[in-house]
Amino acid sequence: MTTRPATTIEKDEDDDAALVLPALRADLRLAPAAPDTDGSPMWTLFDPLRNQYFHLHVQGLRLIRHWRAGATAGDIAAEITRDGVPMKADEVAGMARFMAASNLTAAGTPQDTERLVDQAERGRTTWYAWVMHRYLFFRIPLVRPDAFLVRWLPQARQLIARPMRWALVIIGLLGFYLAGRQWDEFTSTFVHFLSWEGLVWYGLALVAVKSIHELGHAFVAKHFGCRVPSMGVAFLVMVPMLYTDATDTWRLVKNADRLKVSLAGVCTELVIALVATFAWGMLPDGGLRQSAFFLATTSWIATVLVNLSPFMRFDGYHVLADLWGIRNLQPRAFALTRWRLREAVFGFGEAPPEAFAPRRRRLLVLYAIGCWLYRLVLFLGIALLVYHFAFKALGIVLFCIEIGYFIVRPIVNELKAVWGYKWPINRSLIRSGLVLLVLLGLLFIPWHGTIGLPAVLVAADHTEIHAPEPARIQSVAVRAGDVVEKGQTLFVLDNPDLEEKIAENRERIRVIETRLERRAGSPEDLAASGVLERQRAELDAQIAGFKKRQGALVITAPFAGRVTDRMPLHAGEWINPRQALAQLVAAGGARVYAYVKEGQLRRIQADAPARFIPDDGIHNALDLHVLGVDDAANEQLAYPILADRYGGSLATVNDPGDRGAREDRPTLEGGQYRVTLAPNEATPAPEWQIRGEVRVQGPAESIAGSIFRNAAGVFIRESGF
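Letter by letter, the sequence shown follows residues 1 to 721 in the UniProt record's numbering.
What follows is the structure in C-alpha cells.
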C-alpha cells in the first residue's frame, strides 16, 4: 500500500493548522524500501500487529521524523518549512488523519476510544453480507512455519547449490531422453487418469506438489530474512488453493529479491517436473508412474497458465509488479484507467491520480483493461459452473451473487462516482453523446430485416438409394448419369446369412415332417402332433420372411429419373445400410431447403420473398418464395452437406452410442426447423446438391429486441424446477 500526504476530510485551513497530533504507536518500525518508479527514495512503515506495510515518500518521512504528540499541524509544518522544505498545515493534518484512520496512532484519550468504537461499528456487517463475503473469498491459516523454516533452511540451501543444479540438469536431460524413446506411451498415459485409481493418485500428487510449491516461496523468503507468519488454504468461490503469507517481503529493498520469492514456487514445480520425467522413465507401471506423469506434464503447465497470469493476484501479478517496480500495481493501474476513461468520455479536466511516463501510462492502461476482460470471462465462467453443478435454487442464488459482486458492483460504483461530477459541455462530452446515440440507434432501431439461413438446392423429387440391410454387392446395373424408368433394377445384393437361415429352417422342417409321418407308430410323436404342426408353420413363415428380405435386396427405381452421386461399387463388396448407394433425381423442378433456429422461427412467414446464393460461385442466384416450415424441430440433418463436419455451417454432434443413427443423417446440435422454398421461375433439377445461403425477407427487428427475446427464452427455460 502506497501512502502520500493528502487531505482525506474536508476542513478549512484554520482547523487544519490547529489540529493536535496524537502519539504514534511505539511498536511501529521504519525501514528503507526500494526506490519508486521515478527513482525517488521510499521507506516502509511496518505495523507488526496487523502485519501490514505502508510506503512513504520523502515528504512522509520528514513528517514522521518531526512528529510530536501534542504539537499542532501548523507547528509541524512551520518546523519543516524552516528546514528548507515547504510544507502546508493541511498536508500535515491529512497525514495525521490517515495515520489515525489506519490505527497507527496510540489511543489514550476518550476521543480516541470513541473513534475506535465508531470504526468497529462501521466495520460490522449483516449476517448475509458476512456469508456472501466468506463464500467469495476467505482464508484458513493451518500452520505457523517460521520455526520450521529456520531449522531446515540450511538443508534447503543445499538443494540449490551448484552440484545439485548440475545434477538436476543431468537428470532432466536423461528424463527427456527416456520420454522420447517411449513417446507414444508417454502421450497416451493421460487416459489412465480416467480410472478411480488414477484420480486418487492424481489428488495425492496434486496436494504434494502444491505444498512443495508453497514451501518454495517460504524458504526463499526466509533466505532473505523475511518472516513467514502463516501458511494455509484460501478459498476463492469455494475453490481451495494453498497460500503462503509473504507480506514481510515488502521490506526487501531490492525488487530482484522479491522477484525471486515470487518465482520460487513455479521454479520449484519445474524442478519437480524434471525429476518426475526421469522417474516416469524408470518406474514400473502403476500409481506411482501415473503420478510422475502428472507431475511431469499437467501440474507445471497448469501452474504456468494460472499462477503466472498477471491478471489475478497470484505469483504472476507479483512478478509483473516487481519487474515494473510498481507497488500496489492493480489499484494504481485501475485508478489510472478509470481516470483515462473519464477524461476520454466526459473531459472533466482532472489531473491524473499519479504522474507516469507516457509509455508506462499506456502499459498500465492496457494492463488494467486486460485485467477487467480476464475477470469478466473468469467470473462468468465460474458463475456458470456453480449454476450448473449446484441444485437449481442454490445455483441461481450463487450465480446472482457472483455476477452482482464481481461484475455489476464495480460498474455501479463507477457510475455513482461519475454522477457526482459536474459535467462540462466540451468536445469530449459532445463526441461521447454522439457515439452513444449511434450505438443506441444500432441497438434499438429495427433495421435488420434479412434473415440469413444455411440452405441446399436439390431436385424437387429425389431420393437416396440405400441397402435395406447389411449385404454384399452381386451386380451393379447402372452408372452415374443413367436415365432409368420406374421399377428398373439398379443394384442386386445378396446376404449369405439369409441363405444359411433358409437352409437351416428347411432342414428343421424336414425333421418335423419325418416325425409327423411316423407318428402312427410313435405315441410320443402322436402326442406332440399339434406342437410339431405349429413349429412347421412358424418355420414356413420365417422362410417366407427371409425370401421377402432377399427380394428387397434387388433394388429398383421407385420412379423414373436420373442416377447421380453413385458410389464406386464392386462385386463382392459389403455395404453398410447407413451409406447412400446413389441418388435418384426426377426430371421435375428444384427445391431449396433451409434450416432456422427456434428464436427466428416467428420471422419466417409463408410466401415471404427470398434469394438463394450458392457457395460454389458457378451457379447463378435464384429468387425464391417460402412454401412452409416444418411443424416440429428436426433432430437429424437430412442433408449432410450442410453439416460442419463436411464444410457446412450447421453444428452437429457425434453420438457414438446411438447405433441406430444413420451415417448420412448427422445429429443436429439443438433443434432446427426446416424451411421449404421454391424458385419463382421454372428451374431444372440439379444433378447434385448445391450448398449455399438463403436470405429471407422478414419483419425488421432490432438487435436489442433479439437479445431480450433470447434472454427471456433462456430465463423461461431455466426457471422451471
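Cβ coordinates follow ideal geometry from the N, Cα and C atoms, glycine included.
CB-CB length for residue i against residue j, believed under 8 Å
i: Trp280; j: Ala179; result: 7 Å
i: Ile473; j: Leu493; result: 6 Å
i: Arg342; j: Val418; result: 6 Å
i: Val220; j: Lys260; result: 6 Å
Residues sharing a beta bridge with residue i, DSSP
i: Thr105; result: Leu24
i: Val304; result: Val304 pairs with nothing; no bridge assigned.
i: Asn634; result: Gln672
i: Glu701; result: His448
i: Gly628; result: Thr676
i: Trp688; result: Per DSSP, none; premise fails for Trp688.
i: Pro614; result: Gly692
i: Gly232; result: Pro141 and Tyr243
i: Thr564; result: Gln583
i: Met42; result: Ala33
i: Asp494; result: Arg472
i: Ile459; result: Checking the displayed sequence, the identity of residue 459 turns out to be Ala instead of Ile. Note: Ala459 sits in a beta bridge opposite Ala590.
For residue j and residue i, the rounded distance between their alpha carbons
i: Pro656; j: Lys210; result: With a pLDDT of 48 at Pro656, under the threshold of 50, the modelled position of that residue is not reliable, and the figure given next carries that caveat. Taking the straight line joining both Cα atoms gives about 38 Å.
i: Gly420; j: Asn413; result: 11 Å
i: Gln672; j: Tyr595; result: 6 Å
i: Ala33; j: Thr105; result: 22 Å
i: Met42; j: Ala335; result: 21 Å
i: Gly452; j: Val694; result: 6 Å
i: Ala302; j: Ala292; result: 15 Å
i: Arg340; j: Ala355; result: 13 Å
i: Asp83; j: Tyr243; result: 47 Å
i: Leu116; j: Trp67; result: 22 Å
i: Leu385; j: Leu378; result: 11 Å
i: Val319; j: Ile430; result: 41 Å
i: Phe278; j: Gln182; result: 12 Å
i: Asn710; j: Gly647; result: 27 Å
i: Ala528; j: Ser522; result: 10 Å
i: Ala467; j: Val626; result: 34 Å
i: Arg362; j: Asn328; result: 17 Å
i: Asn51; j: Gly225; result: 15 Å
i: Glu701; j: Lys597; result: 16 Å
i: Phe708; j: Ile445; result: 14 Å
i: Leu576; j: Met312; result: Going by the sequence as given, residue 576 is Asn instead of Leu. Their backbone Cα atoms lie some 54 Å apart in a straight line.
i: Glu10; j: Asp16; result: For Glu10, the pLDDT reaches just 38, beneath the cut-off of 50, and the residue's location in the model is therefore unreliable, although a value from the coordinates is still provided. About 9 Å.
i: Val200; j: Ala633; result: 44 Å
i: Leu19; j: Glu79; result: 15 Å
i: Leu642; j: Pro470; result: 27 Å
i: Gly203; j: Ala296; result: 15 Å
i: Val111; j: Glu91; result: In the sequence under discussion, the amino acid at residue 111 is Gln, which differs from the Val named in the question. Roughly 22 Å between the two C-alpha positions.
i: Tyr53; j: Met241; result: 24 Å
Reference residue i; option with closest CA among the options
i: Asn426; options: Val412, Cys371 and Gly349; result: Gly349
i: residue 736; options: Gly39, Val275 and Thr667; result: Summary: the structure shown does not reach residue 736, with the chain confined to residues 1 through 721, and so no result is reported for it.
i: Arg65; options: Arg50, Ala333, Ser40 and Met95; result: Met95
i: Glu499; options: Gly551, Glu485 and His466; result: Gly551
i: Leu24; options: Gln59, Asp36, Gly70 and Val418; result: Gly70
i: Ile512; options: Leu532, Gln158, Ala527 and Gln542; result: Leu532
i: Thr72; options: Leu28, Arg97 and Leu61; result: Arg97
i: Phe546; options: Pro496, Gly286 and Pro229; result: Pro496
i: Gly589; options: Glu91, Leu553 and Ala460; result: Ala460
i: Arg62; options: Tyr53, Leu45 and Ile430; result: Leu45
i: Gln155; options: Arg603, Trp166, Gly216 and Gly370; result: Gly216
i: Gly705; options: Val484, Tyr646, Gly617 and Leu442; result: Leu442
i: Ala678; options: Pro577, Leu624 and Pro686; result: Leu624
i: Thr450; options: Gln542, Gly381, Gln600 and Val438; result: Gln600
i: Val483; options: Val585, Gln290 and Glu79; result: Val585
i: Thr37; options: Phe346, Gly698, Ala544 and Ala357; result: Ala357
i: Lys501; options: Ala541, Leu516 and Leu142; result: Ala541
i: Ala606; options: Val696, Leu668 and Phe612; result: Val696
i: Gln636; options: Arg645, Thr652 and Asp630; result: Thr652
i: Val345; options: Arg409, Gly433 and Asn505; result: Gly433
i: Ala351; options: Arg360, Arg359 and Arg338; result: Arg338
i: Val675; options: Asp631, Ile690 and Ala685; result: Asp631
i: Lys422; options: Gly347, Gly74, Ile465 and Phe399; result: Gly347
i: Gly370; options: Arg409, Gln330 and Phe235; result: Gln330
i: Ala273; options: Gly395, Trp300 and Asp257; result: Trp300
i: Leu380; options: Leu581, Val58, Ala26 and Val237; result: Val237
i: Gln488; options: Asn620, Arg227, Ala557 and Asp616; result: Ala557
Test: residue i CB closer than 8 Å to a CB of chain E
i: Gln330; result: Within the model displayed, chain E is absent; a lone protein chain is all it includes.
Could you give the uninterrupted runs of the alpha helix (DSSP H) lying entirely in the stretch 134-166, keeping only those of 4 residues or more?
146-158
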